[in-house]
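As structure tokens, the structure follows; a few thoughts come after it.
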Amino acid sequence: MSYGIAVEVKNLNVSIAGKPILKDVNVKIPESTITAIMGPSGSGKTTLLRVLNRLIDLIEGVEVKGSVKIFGRNILETDPYEVRRMSGMVFQIPNPFPHLSIYDNVALGAKINGIAKSKRELDELVKWALEKAMLWDEVKDRLRDPPWKLSGGQQQRLCLARALALKPRLLLLDEPTANIDPVNTLKIEEALRNLKKEEDMTIILVTHMPHQAIRISDYIIMLYEGVVVEVGPTEEIAINPKHELTSRFLRGEM
Amino acid sequence: MPNWRSLKSNVFIVLVVILALIAIAPVFHIIIYITLRGLPVILEAGIEFFISTPAAVIAEKPGGIAPAIVGTLFMTTMATIIAVPIAVLAATFSAEYPNHIITKAVRATSRSLLEVATILVGMLVFALIVLPLGRFTGLAGAIALAIVMIPYVYTYTELALLSVPKTYIEAGYSIGLKKAQVIYLVTLRIARRGVMRGVTIGVAKAMGETAPLLFTAFGARNVIFGGPLEPMDAIPLMIFQFIQTGFENWNKLAWGGAFVLLVLYLTLFIISRRIVREVRV
Amino acid sequence: MKYGRKSLHDKIVFYSLAIPAIIIALILLLLLLTQTSLSIPIFNVQGVTSTYISTTWRPSYEPPPTGAWYGLLPAIWGTLTSAIIAVLLALPLSLSVVIFVEEILPRRFREYISAIIDLMAGMPTILFGIWGLSFLGPILQAYVMTPLHEYLGFIPVFSCKPLAPATVLTAGVLLSLMIFPFMVVVIQETYRAIPITYKEAGWSLGLTMYEYVKLNMSMISPAIVSAILLGFGRASSETAAVTLVVGNAYNIGFCILSPAYTISSLIANQFTESGDFPYMQNALFAGGLILLIIGLIVNTIGIIILRRLRF
């Protein structure tokens, strides 16, 4: 396990159409950890996540100031397409490409970015990604099926596999289990724990559910109205939150 | 004591039903009438109808409308090849940059072209292509039909692209796809049924137009296919010209052609509606 | 790369997509330019106003004003009259279809009526034309126009004897059948968009169907006006069908039971010979120009009115 810093955010200010969304955010996220970003709706957690893979660029009228380094590179001054290849993202509502088969959903990113050079390499990569997403056994006999034949929880695990196929070192998840049933939620959490342990993956997870954060994360970042309210190891914050907002959130009052 | 309000309302309802039925009835009559007058011509002439040129007016048999059929097939295909890439790419621009001034200009142009008299399109192509070349050509006809087709394909494609849920587009970017790849591999693919619908409707429109061809392709009677740089016939054009003559043979050909056009149109119509039914996102 | 700068790839995509878009935008511009520039010669020899308000059409190998003279008023009149007749007839038809579909017909049949309307909207106009020529015209002449002249001949519009099936009235009736599907779409979409709360309010007041529909229609009256304008625009643009049934005689007068020209049928008939007569083609372009301007104005106003509609 390494102890380097995966993500370093300094004085990040983000505004959309003039309205400030993130104000003077400063955080450091260590490698090979699971960090939970928490906060009520509108606190800027999704925005912070989307800065990390430059998806924020797709919003009109967005302004980003500050410095964001991922594995040492300032991603705000790098080609956005390169930045996106450094991480994988799982979205709140499962969104596997409806026009592609299960296999092609996972394979598309790897094929286009030249990560797998031959058919055999691609097959192995798809199998690896689906195994890590804990979906392989359920779909190995029907890789050509369209995604709508899968349940919601299975589709979300498919999206996880799709994100993993680029073999990123950083995994970003935006409330991935918000719309998933409890059984699949636990499966996904187990997948994340395994990824951290077996693949040294750095995982950043936006979550609305305090219990989830306590269950699986090593660090917690608490956001409120675009400002970092509290940062620290999960064990400490869970037992002894320093800020009043954090404790209210953990108790489920927000 | 009769309830006048109720009575007025009931009379109103009866009136509405009658008028609605009067409005809808003619289309059925048109279909039946054209079939009754056109199908016998084809049955009588047999395969000749599709492979011969029109006979002389005093001949015993009317001959066929091969020049018109070939012309329609050629010009409609060429028009599609010209119009679809331009319209789809322009619609992609509008979907990607919806607030750009170019988008506003294209939308306004498309809307106007949908309403403008198609004979004016023919005059435009006449002025820009027929006059400089000094001759009527099938190519000019194809370009005129392409201009007629473009707004239909553009409108349906833009609609289809804007209906693609943004989350799929985001997912595409998140796995490192570049803009062109997202457009081509994700957005257009998901929207393809809507695009196909627009193309089908555009083809049906182009295939049935008369006015744009009057002084571009001009018509051809004796040559089945002289090439794109010669005058060319088309089914609607042939109908228009032949029905205005007094010659019975040629009138028969016009009715036969009308039946063929009707069948082609109905087929495309059914296809366009089937396509939409199979969308599943 | 500084934040906010577009990558080379993005720039290439932008310009590649912009080119086809600009091509389309240019089409309308080219249309206006060519129509205008090819009309200018006749404006130079006849004057703009005279070209449009004169009723004389005198082809000659000698150019105007001494030899030939090309006045467009009868054609303009024919276009306007046939379009007005078409809209007057199409309005009750389209309103009836909308009311029928939205309030009377059981829901499960809606799709079929929608399909029929769409079918009519896209049907090749030449098919309407030959049906009009060989069926509708004679029927109208025998059962509508002749009686109108016999019994109501004292009214100026019916004062001439219908000698042939091809008249302004025939064109108007045929056009009404061709334009009412478009009017249905405009009115129906707006009718469907009436918030359900307003409709419920109408029902709860105990209104009869007639009063309820009248209330709804008055709420969407801008849409009806818009539909009228758009229908008028369509009717004035039609060529193939109209040319076959309007008679193509250079007439002007109040009676709608006589043949006439419309701008589009004039162009359709005369364009190919116009090359032989100097300035005739320019006169036809002048006709096309006024047709284009009428169409653009009417459609733009129609769309603006529709946009302004708020509940």
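Residue numbers (the numbering used here), protein chains in the order written: chain F, 25 to 278; chain Y, 24 to 304; chain G, 18 to 328.
The beta carbon of each residue, even a glycine, is placed where N, CA and C say it ideally should be.
About 6 Å separates the beta carbons of isoleucine 245 of chain G and leucine 108 of chain G, which is inside the 8 Å limit, making them a contact pair. In the structure shown, serine 77 of chain G adopts coil according to DSSP, grouped into three states.
The Cβ neighbour count for threonine 66 of chain G, taken over all protein chains shown within 10 Å, is under 16; the residue is labelled exposed.
Neighbours of aspartate 27 of chain G across chain Y, judged by C-beta separation under 7 Å: Lys202. In the three-state reduction of the DSSP assignment, isoleucine 280 of chain G falls in the helix class, which pools H, G and I.
Proline 120 of chain F is not bridged by DSSP to any residue. A residue is called buried when at least 16 other Cβ atoms come within 10 angstroms of its Cβ; alanine 114 of chain Y meets this threshold and is buried. A straight-line Cα-Cα distance of about 54 Å links asparagine 299 of chain G and aspartate 81 of chain F.
When rounded, the separation of the alpha-carbon atoms in serine 135 of chain Y and leucine 260 of chain Y is 24 Å. Exclusion of the five residues before and after glutamate 55 of chain F leaves Ser26, Gly28, Ala30 and Thr226 as the residues of its chain whose Cβ lies within less than 6 Å of its Cβ.
Within the model, the alpha-carbon separation for leucine 110 of chain G versus proline 63 of chain Y is close to 33 Å. For leucine 30 of chain Y, the closest alpha carbon among the candidates G/Leu224, G/Met140, G/Ser77 and G/Leu323 is that of G/Leu224. The Cβ-Cβ distance between lysine 156 of chain F and glycine 177 of chain F does not fall below 9 Å.
For tyrosine 243 of chain F, no CB of chain Y lies under 9 Å from its own CB, so it is not counted at the interface with that chain. The beta carbon of arginine 134 of chain Y falls within 9 Å of a beta carbon belonging to chain G, placing the residue at that interface. Proximity to glutamine 116 of chain F across Y/Thr190, Y/Phe292 and Y/Ser295 peaks at Y/Thr190, based on C-alpha coordinates. Non-local C-beta neighbours of leucine 237 of chain Y in its own chain, meaning closer than 6 Å and more than five positions away in sequence, comprise Gly145, ordered along the chain. Taking C-beta separations shorter than 8 Å and ignoring five residues to either side along the sequence, the partners of valine 92 of chain F in its chain run Val31, Glu32, Val33, Lys34, Leu36, Val75, Leu76, Asn98, Ile99 and Leu100, following chain order. In the displayed model, valine 246 of chain Y falls within coil according to three-state DSSP, outside both helix and strand. The C-beta distance from leucine 184 of chain F to alanine 215 of chain F rounds to 6 Å, short enough to meet the 8 Å contact threshold. The beta-carbon of proline 171 of chain F is placed no less than 9 Å from the nearest beta-carbon of chain Y.
Annotated three-state conformation of glutamate 162 of chain F is helix, per DSSP. Between the alpha carbons of leucine 195 of chain F and proline 170 of chain F lies a distance of about 25 Å. Valine 37 of chain Y is classed as exposed because its beta carbon has fewer than 16 other beta carbons within 10 Å across all chains shown. At a cut-off of 9 Å, the C-beta of glycine 249 of chain Y has no neighbouring C-beta in chain F.
Contact annotation: glycine 189 of chain G and alanine 285 of chain G have beta-carbon atoms that are not nearer than 9 Å.
Under the criterion of beta carbons closer than 8 Å, alanine 303 of chain G and threonine 68 of chain G qualify as touching, at roughly 5 Å. For tyrosine 248 of chain F, the beta-bridge partners assigned by DSSP are F/Val251. Taken in chain order, the complete alpha helix (DSSP H) segments of 4 residues or longer contained in the stretch 226-301 of chain Y are 258-266 and 271-300. When C-beta atoms of the stretch 103-116 of chain F are compared with those of the stretch 160-175 of chain F, fewer than three pairs fall below 8 Å, so the two segments do not count as touching. Under the Cβ criterion of 9 Å, aspartate 48 of chain F is not counted among the residues facing chain G. Taking C-beta atoms under 8 Å as the contact rule, valine 130 of chain F and arginine 186 of chain F qualify, at a distance of about 5 Å. Taken atom to atom, the span from the alpha-carbon of methionine 158 of chain F to that of leucine 211 of chain Y is near 31 Å. For glutamate 32 of chain F, DSSP records a beta bridge to F/Lys52 and F/Lys93. Remark: C-beta atoms of tryptophan 86 of chain G and tyrosine 267 of chain G do not approach each other more closely than 9 Å.
For the stretch 269-286 of chain G, the residues whose beta carbon sits under 9 Å from a beta carbon of chain Y are, in order, Ile280, Ser281, Ile284 and Ala285.
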